[in-house]
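Note sheet for the following structure.
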Amino acid sequence: MPKHEEMYKFDDQKFLLDGIKVYALRVPIEMIADKLAQKEYKNIILSGVGGTTAEMYAVCRIIEKYSDIPVYLLNAAEALAEKDRRITRNSLVLTASKSGDTPETVSLCWYAKKTGATIVSFVSMEHCPLAEASDYKIVSAEEGMENTYMRLYLFILRFLYRKGDFQNYERFADQMKSLHSDALRIKHAYDRVADANAEKYWQEPYQIWIGSDIVFGEMTLLTMCILEEMQWMRNRLVSSSEFFHGALELVEKDVMVTLVKGLGPCRALDERVEKFLQGRTQKLVIVDLEELKFTGIDEEFQYILSPIILSNVMAGRYCWNLEKHSGHDLSIRRYYRQFKY
Numbered sequence: 001m002p003k004h005e006e007m008y009k010f011d012d013q014k015f016l017l018d019g020i021k022v023y024a025l026r027v028p029i030e031m032i033a034d035k036l037a038q039k040e041y042k043n044i045i046l047s048g049v050g051g052t053t054a055e056m057y058a059v060c061r062i063i064e065k066y067s068d069i070p071v072y073l074l075n076a077a078e079a080l081a082e083k084d085r086r087i088t089r090n091s092l093v094l095t096a097s098k099s100g101d102t103p104e105t106v107s108l109c110w111y112a113k114k115t116g117a118t119i120v121s122f123v124s125m126e127h128c129p130l131a132e133a134s135d136y137k138i139v140s141a142e143e144g145m146e147n148t149y150m151r152l153y154l155f156i157l158r159f160l161y162r163k164g165d166f167q168n169y170e171r172f173a174d175q176m177k178s179l180h181s182d183a184l185r186i187k188h189a190y191d192r193v194a195d196a197n198a199e200k201y202w203q204e205p206y207q208i209w210i211g212s213d214i215v216f217g218e219m220t221l222l223t224m225c226i227l228e229e230m231q232w233m234r235n236r237l238v239s240s241s242e243f244f245h246g247a248l249e250l251v252e253k254d255v256m257v258t259l260v261k262g263l264g265p266c267r268a269l270d271e272r273v274e275k276f277l278q279g280r281t282q283k284l285v286i287v288d289l290e291e292l293k294f295t296g297i298d299e300e301f302q303y304i305l306s307p308i309i310l311s312n313v314m315a316g317r318y319c320w321n322l323e324k325h326s327g328h329d330l331s332i333r334r335y336y337r338q339f340k341y
């Protein structure tokens, strides 16, 4: 791979090595998916809180697109408080926690276990409270959303393949081997744009973020977990389909708006929003995923990979450049996990 300019707080070789480590989990992940696919489930429960439910959103949309198995994306705290009746012994529960000890998620898994549900957790360490509450655990400490999505996708798409719902899994999984090298090339190509936008807009008092479809969960992660939690930036996230039912009245010439133009059928909704925004705000940022697609992966898979395409340049580069210009380290928190509440 040709040499590139060094990016702020980014290690190219570590990124590629992490990708190799995660891809090496393909066979163990497939073995778990194959075993679980032998059983008939009445539904699939995707659960967590915060960033976990955000990243599970794409998994939910994939299951809805390819399978007839009912799938529910549940907030763990709410599902536990309500004792959600959709969680039964015939449920397959998928969850995750970077820390491995997120209280709401761990408690929900123990509740689900009592019902007889089958629980699969994605954790970063072998021994942690969430792993103990699970029937199967997929352990991987490699950070970054590219790695998070790869683990989730290899599992759920293999499961759907065994159910006869995703026929091209083998080709998809084979092509995932080149994901990180392709992603790295795109990161470097986009970094100057990310840096310029971060320098220009890091002091904005209020922002509107708009997008649709399968990337909306990733946009939730960006705006909630990074802009709010890690940069303390006030923002409003709205879907392209709902934008014309309230948020459009907040658009003014000096209001920053970021619009993500996705892939697939809902792109037309994004384009409708784009037409409205042009000329109505002088601070419009367009992130067009059509221009950022992975070149080493077949076109038919680009849609389901679009959350990774978005994360690759936004969480992967834009947000780090925000830190650089704001001087606000992404690891600093005032309240989150600082004391009991």
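In terms of UniProt numbering, the sequence shown is residues 1 to 341.
Note that the Cβ used here is the ideal one computed from N, Cα and C, for glycine as well.
- Annotation for R171: D298 place their beta carbon closer than 8 Å to its own, counting only its chain and skipping 5 residues before and after.
- Here N197 carries a helix assignment [DSSP, helix/strand/coil].
- When DSSP assignments are scanned along the segment 244-280, the uninterrupted stretches of beta strand (DSSP E) that are 3 or more residues long and fall wholly within it turn out to be 256-261.
- As for any alpha helix (DSSP H) of minimum length 4 sitting wholly inside the UniProt domain "SIS" (32-165), the runs are 51-66, 76-82, 103-115, 129-132, 145-162, ordered along the chain.
- Between the segment 133-150 and the segment 97-111 there are three or more inter-stretch CB-CB distances shorter than 8 Å, so the stretches are counted as touching.
- Taking 7 Å as the cut-off, the Cβ atoms of K21 and E142 count as close.
- Counting the other CB atoms within 10 Å of its CB gives F166 a total of 16 or more, which places it among the buried residues.
- M31 and T102 have their C-alpha atoms roughly 27 Å apart.
- In this structure Q38 is exposed. Its beta-carbon is surrounded by fewer than 16 other beta-carbon atoms within 10 angstroms.
- In the three-state reduction of the DSSP assignment, R26 falls in the helix class, which pools H, G and I.
- For D174, the enclosing alpha helix (DSSP H) starts and ends at 169-175.
- Distance between T52 and E291, taken at the CA atoms: about 27 Å.
- Listed in chain order, the non-local C-beta contacts of F301 below 6 Å within the same chain comprise F172, local neighbours out to five positions each way being set aside.
- Around the Cβ of D213, a 10 Å sphere holds 16 or more other Cβ atoms; the residue is buried.
- In the structure shown, L237 adopts extended strand secondary structure according to DSSP, grouped into three states.
- As computed with DSSP, W209 is found in a beta bridge with L237, T258.
- One Cα belongs to G100, the other to M125, and the distance between them is close to 7 Å.
- DSSP, read as helix, strand or coil, puts D182 in helix.
- Annotation for L184: D12, F15, L16 place their beta carbon closer than 7 Å to its own, counting only its chain and skipping 5 residues before and after.
- Between the alpha carbons of G19 and E252 lies a gap of roughly 42 Å.
- Between the C-alpha atoms of N168 and Y23 there is a straight-line separation of about 18 Å.
- In the three-state reduction of the DSSP assignment, L17 falls in the helix class.
- With fewer than 16 other Cβ atoms inside 10 Å of its own Cβ, K9 counts as exposed.
- When DSSP reads this structure, I309 sits in no beta bridge, so it has no partner.
- About 5 Å separates the beta carbons of V257 and T281, which is inside the 8 Å limit, making them a contact pair.
- Distances from the alpha-carbon of R26 to those of V255, S326, N147, A196 put N147 closest.
- Apart from the 5 residues on each side of it in sequence, Y318 sits with its Cβ closer than 7 Å to the Cβ of A194, N197, A198 in its chain, given in chain order.
- When secondary structure is reduced to three states using DSSP, I297 falls in the coil class, being assigned neither helix nor strand.
- Ranked by how close their Cα comes to the Cα of P205, the residues M314, E228, Y190 have E228 in first place.
- Put simply, the backbone Cα of G296 is about 7 Å away from that of S178.
- With 16 or more other Cβ atoms inside 10 Å of its own Cβ, S306 counts as buried.
- Nearest to C128 by alpha-carbon distance, out of L154, Y149, A96, is A96.
- Assignment of I286 by DSSP, reduced to helix, strand and coil, places it in the strand class.
- For C319, the uninterrupted alpha helix (DSSP H) segment begins and ends at 319-326.
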